[in-house]
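Structure first, then comments.
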Amino acid sequence: MFELPIQQLIFLFVAAVAVFAAFNVILQRNPIYSALALIITMCALAGTFLMLEAQFVATMQVIVYAGAVMVLFVFVIMLLNVRTEEARQDRVKYLKLVAPLLFIALLGEVIFVARSVTTTAPPLATTGNEPAFGTVESIGEAMFSSYLFPFEATSVLILMAMVGSLVLARRRTMSEAETLGKLIEESGKPQLTPAEPVAKLEEKKEEIAA
Amino acid sequence: MQFSNLNLDYFSILPEIITALAGVILMLIDAFSKKAGRKLSPMFSLFALVATLASIIALWPRASYTASFAGMIVNDHLRLYFALVIVACGIIATLLASQFLDDEALPPGEFYALMMFATTGMLMMASAGDLVMVFLGLETSSIATYVMAGYRRTDLRANESSLKYFLLGSFSAAFLLYGMALTYGATGTTNIEGIRQILIAGKVIYPQMLLVGVAMMLVGFGFKIATAPFHLWTPDVYEGAPTLVTAILATGPKVAVFAAFLRVFAEGLGTPTAPAVGAQIYDNWINALAVMAAIGMTFGNIVALAQRNMKRMLAYSSIAHGGYTLIGFLTTEYAPVGFYMLTYALMSLGAFAIVQMLAREGDAKTEISDYAGIGFEVPNLSFPLAIFMLSMAGIPPMAGFMGKFYVFKSAWVSSPNLRWLVIVAIINSIISVYYYLYPIVVMFFRPPVSDFTKPRLSPMSQLALAITIIGTLYFGLFPNGALKVLQQKTPGAQQVAVQK
Amino acid sequence: MKEYLPILVVFLFVLGFAVTNLVLAHLLGRHRNTRAKLMPYECGIDPVGSAHQRFSVRFYLVAMMFILFDIEAVFLLPWAVIFRSLSEKLSRPFVYAEMMVFLIVLLVGYIYVWKKGVFEWNRG
Chain A
1 MFELPIQQLI
11 FLFVAAVAVF
21 AAFNVILQRN
31 PIYSALALII
41 TMCALAGTFL
51 MLEAQFVATM
61 QVIVYAGAVM
71 VLFVFVIMLL
81 NVRTEEARQD
91 RVKYLKLVAP
101 LLFIALLGEV
111 IFVARSVTTT
121 APPLATTGNE
131 PAFGTVESIG
141 EAMFSSYLFP
151 FEATSVLILM
161 AMVGSLVLAR
171 RRTMSEAETL
181 GKLIEESGKP
191 QLTPAEPVAK
201 LEEKKEEIAA
Chain B
1001 MQFSNLNLDY
1011 FSILPEIITA
1021 LAGVILMLID
1031 AFSKKAGRKL
1041 SPMFSLFALV
1051 ATLASIIALW
1061 PRASYTASFA
1071 GMIVNDHLRL
1081 YFALVIVACG
1091 IIATLLASQF
1101 LDDEALPPGE
1111 FYALMMFATT
1121 GMLMMASAGD
1131 LVMVFLGLET
1141 SSIATYVMAG
1151 YRRTDLRANE
1161 SSLKYFLLGS
1171 FSAAFLLYGM
1181 ALTYGATGTT
1191 NIEGIRQILI
1201 AGKVIYPQML
1211 LVGVAMMLVG
1221 FGFKIATAPF
1231 HLWTPDVYEG
1241 APTLVTAILA
1251 TGPKVAVFAA
1261 FLRVFAEGLG
1271 TPTAPAVGAQ
1281 IYDNWINALA
1291 VMAAIGMTFG
1301 NIVALAQRNM
1311 KRMLAYSSIA
1321 HGGYTLIGFL
1331 TTEYAPVGFY
1341 MLTYALMSLG
1351 AFAIVQMLAR
1361 EGDAKTEISD
1371 YAGIGFEVPN
1381 LSFPLAIFML
1391 SMAGIPPMAG
1401 FMGKFYVFKS
1411 AWVSSPNLRW
1421 LVIVAIINSI
1431 ISVYYYLYPI
1441 VVMFFRPPVS
1451 DFTKPRLSPM
1461 SQLALAITII
1471 GTLYFGLFPN
1481 GALKVLQQKT
1491 PGAQQVAVQK
Chain C
2001 MKEYLPILVV
2011 FLFVLGFAVT
2021 NLVLAHLLGR
2031 HRNTRAKLMP
2041 YECGIDPVGS
2051 AHQRFSVRFY
2061 LVAMMFILFD
2071 IEAVFLLPWA
2081 VIFRSLSEKL
2091 SRPFVYAEMM
2101 VFLIVLLVGY
2111 IYVWKKGVFE
2121 WNRG
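From first to last, the protein sequence lines stand for chains A, B and C.
Numbering-wise, the first sequence is residues 1 to 210 according to my numbering.
Numbering-wise, the second sequence is residues 1001 to 1500 according to my numbering.
Numbering-wise, the third sequence is residues 2001 to 2124 according to my numbering.
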């Protein structure tokens, strides 16, 4: 009987953390801070799933989302060399008004759907033999019996993702290097060579010596 | 979970197995020996696609509404027909690909592997009996096409097109998935047939959730079909990607997504006489589709009037064609949409193939002004292009006219209160004649450009062109064969006939 | 739900510990920041140039491979848990074969990635 208020409190806390971190994702200037805030959002969502008795989903949320997906996020931020955003004039000023309006519209839709959930769903037919809702066993049973074909199709999807990522990120072929060389010549811009930092180190040495 | 009723019918997934296996073998050949990859890949992928075609024809007598793999794969005539069209598109695209990859010195092995995997995804979409399968097939074919769009890695426009396609495609797949999740929450099952039964019985658990779920699924599908108002990615992506990839994009995934769209909406949610929510949902999405079709046709046609780049013009025209096809959803059967997709695929593949052959390396010459005066220099290319343009405009006796006629007639007959849509479509067809005739005029009646050299055509490309030309003329003159195939009723159709 | 109470307690402890340390350090410690203390640490020498330089894309490929095989491991988890009980309902070879097909497809992917040189970093 002491359970109920604690559950509400915990839910409020977790939900508040999730919303606060989500706002942080879009309001932070530094992209790495945004990525960290996104990780916090994911973990808070995992907590919410846990409270809804979906243990497997909660675990997967942490492993896949906060683990794998955020790794990709941080890699992209690193590779694309995304800097801290400086305040700049937006060319399209009315977007600042439109975005909150659309947000409120979307919020209204979400509330509309959420409020329609007035009846509890009919209880899932449980014989004595079936595993409890939301556990790893129940998901495993579904995945390897009813959803067997999608499971095998996922392996083809993952395989194709490997091929695709390799196509886009492999070493330059000879013909591509030639084409790029021609493009750089035509554009006339000097190319940034990796020798730059070394040159700066030489300068600094001269400064110290002088 | 009923463990006894899984119905693991391995024969029914034979087409998908063959294409996936072929993709894997192509991958491995290319990984172990680049030279073998270059020589063997085209022939092997052609062989695999022909084997897939044979397996689909072998499955024809076994068409029934019983779903295999616990409801995941439905082997009815809709699936078999659309699978045929998809594999035919794949065969034509593979024939064209060998010359494209040779000319641009792009590594061939992975391209064919990606095309095989894309075909697997498209086949999965066509045979989906469950929302999860639709999504999986969609993602498989989409990711393969995202990568293929960026295959020419040194070209900035190709990078732009691939990135735009990827970002917007993933975002809309997220909408689709969320809609599927809400639909599952509202009905309690992801099986399309199961959703239909629940709607007919009036036992939807949360009707409002179903409404939002269906709306989001409509958004997701609408993006993939490139219909207004979700069409903004189409011109940039079609223009930037290498022309052969544009040809694949404009035909294969569109046909497959229409098959899935038909199954989920026309069969799963097509319940105009069901009590309460069923009829309301049906009215909602039919009206939404009608508005989308009207905007798509009008917008696509009007903006295409101003285009001076061939690929961009064809992109806007494909938006318009998406609109015409949506009119086919107003009928009770899949035949109008199916036939239109067949004719559209043949016309588009042919048109894009000729654009690719005329565009030099790196898609340098795709403006319509580059086509000036070449009409009689390369009659083996300009006459087919003229035929494809006329077919797209809907001028008899080409296949395009037959497709439009059949769609408009079926819609006129079966939906009396949406006849305004057919009138809008006819007006749009008349408007579109202008921008389809413009390249023909430029080709035949303008003075020729000085630096035009005849493009070399490999035998495979000529074969592909011949198939598309013959197909366009054949289905324009003798559509009855295809129509009879389309109108076959799968045994056991009484339980799932769309009630009107 | 009661089983998760210890986790909540641990979480609150950890949160409290971290917050308390930071707050106490901020309040009680002396703040004397010199320019040298605030520079990023680079093994004792002065930092030269910006930290943002061009990375080779092969790091990203390794991250991609990690993710794809991580997803494979995620699929292995429920299978391992349910193997014994599922073999009573379906047949044991069938349950085994289900996962083996999945693993073999991904093994082929691994061989492909290996042959393509994703793991060879000492060439060029």
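We put the beta carbon where it would ideally sit given N, CA and C, even for glycine.
Every value quoted in this text rests on a predicted model; they were computed, and no experiment measured them.
Own chain, CB closer than 7 Å to Val2010(C), minus 5 neighbours either side, in chain order: Excluding residues within five positions, none has a Cβ falling inside 7 Å.
Between Met70(A) and chain B, is there a C-beta pair that is closer than 8 Å? no
Rounded to whole angstroms, what is the Cα-Cα separation between Thr179(A) and Arg1308(B)? 27 Å
Apply the 10 Å Cβ neighbour rule to Phe2046(C) and answer buried if 16 or more other Cβ atoms are within range, or exposed otherwise. It is worth fixing the name first, because residue 2046(C) is Asp in this sequence and not Phe. Asp2046(C) comes out exposed.
Round the Cβ separation of Gly1240(B) and Ala1158(B) to the nearest angstrom and send it over; I've been treating them as touching at under 8 Å. 6 Å
Is the CB-CB distance between Tyr1334(B) and Met1389(B) below 8 Å? Contact: no.
Where does Asn2033(C) sit, in a helix, a strand or coil, going by DSSP? coil
Kindly list the residues whose CB is nearer than 6 Å to the CB of Leu1249(B), restricted to its own chain and excluding five residues on each side of it in sequence; keep chain order. Taking C-beta separations shorter than 6 Å and ignoring five residues to either side along the sequence, the partners of Leu1249(B) in its chain run Thr1145, following chain order.
Own chain partners of Met1357(B) with C-beta closer than 7 Å, once the 5 adjacent residues on each side are dropped: Contacts found: Leu1381, Pro1455, Leu1457 and Ser1461.
For Ile1018(B), I'd like the list of residues in its chain whose CB is within less than 8 Å of its CB, leaving aside the five on either flank, ordered along the chain. Ala1048, Ala1051, Thr1052 and Ser1055
Grab me the residues of Leu1168(B)'s own chain with a C-beta within less than 6 Å of its C-beta, minus the 5 sequence neighbours each way, in chain order. So the qualifying residues of the chain are Trp1233.
Segment limits, alpha helix (DSSP H) that includes Phe1082(B): His1077 to Glu1104
Is it true that the region 133-150 of chain A meets the region 2077-2097 of chain C, where meeting means three or more beta-carbon pairs spaced less than 8 Å apart? yes
Proximal residues of chain C, C-beta to C-beta of Arg115(A) below 8 Å: Result: empty, since nearest Cβ-Cβ is about 25 Å, beyond 8 Å.
With a threshold of 16 other CB atoms inside 10 Å of the CB of Val167(A), please say whether the residue is buried or exposed. So Val167(A) counts as buried.
From the beta carbon of Ala132(A), is the nearest beta carbon of chain C less than 8 Å away? With respect to chain C, the C-beta atom of Ala132(A) has no partner C-beta closer than 8 Å.
Would Ala1351(B) and Leu1096(B) be called neighbours here (beta carbons separated by less than 8 Å)? no
From the DSSP output, which residues share a beta bridge with Asp1130(B)? Asn1191(B)
DSSP bridge partner residues for Ile2082(C) (one or two, in chain order): The partner list for Ile2082(C) (beta bridge, DSSP) is empty, contrary to what the question assumes.
Other residues of its chain near Gln1494(B): CB distance less than 6 Å, five sequence neighbours each side excluded: Note on Gln1494(B): pLDDT 36, under 50, position unreliable in the model; the coordinate value appears next. Non-local beta-carbon contacts of Gln1494(B) in its own chain, meaning distances under 6 Å to residues more than five positions away in sequence, are absent.
Partners in chain A for Ala2063(C), counting only beta-carbon separations shorter than 8 Å: Val71, Leu72 and Phe75
When Cβ atoms are compared, which residues of the region 94-112 of chain A fall closer than 7 Å to chain B? Hits within the stretch, in order: Glu109 and Phe112.
What residues from chain B crowd round Val2108(C), counting only those whose CB sits closer than 8 Å? Val1024, Met1027 and Leu1028
So, is Gln1487(B) buried or exposed, given that buried needs 16 or more other C-beta atoms within 10 angstroms? exposed
Go through its chain and collect everything with a Cβ distance to Arg1419(B)'s Cβ below 7 Å, but skip five positions before and after it. Trp1412
Taking Cβ to Cβ, would you say Tyr1316(B) is nearer than 8 Å to Gly1300(B)? yes
Considering only their Cβ atoms, is the gap separating Gly1037(B) from Ile1073(B) smaller than 8 Å? no
Taking Cβ to Cβ, would you say Met1292(B) is nearer than 8 Å to Leu1326(B)? yes
Can you tell me whether Asn220(A) is buried or exposed, with buried defined as 16 or more other CB within 10 angstroms of its CB? Nothing can be reported for residue 220(A), as the shown portion of chain A is limited to 1 through 210.
Short check: CB of Val1264(B) to CB of Met1209(B), under 8 Å? no
Range covered by the alpha helix (DSSP H) that runs through Gln28(A): Here Gln28(A) belongs to no alpha helix (DSSP H), and DSSP marks it neither H nor E.
How far does the alpha helix (DSSP H) with Trp1285(B) in it reach, from first residue to last? Val1277 to Ala1304
Is the beta carbon of Phe2059(C) less than 8 Å from the beta carbon of Phe75(A)? yes
Taking the straight line between their C-alpha atoms, what separation do you get for Met1(A) and Ala1174(B)? Residue placement at Met1(A) cannot be trusted, given a pLDDT of 47 that sits under 50; what the coordinates show is reported in the next sentence. Near 40 Å, if we compare the C-alpha coordinates of Ala1174(B) and Met1(A).
Members of the region 135-147 of chain A that neighbour chain C once the beta carbon cut-off is set at 8 Å: Val136, Glu137, Ile139, Gly140, Glu141, Met143, Phe144 and Ser145
With a threshold of 16 other CB atoms inside 10 Å of the CB of His2026(C), please say whether the residue is buried or exposed. exposed
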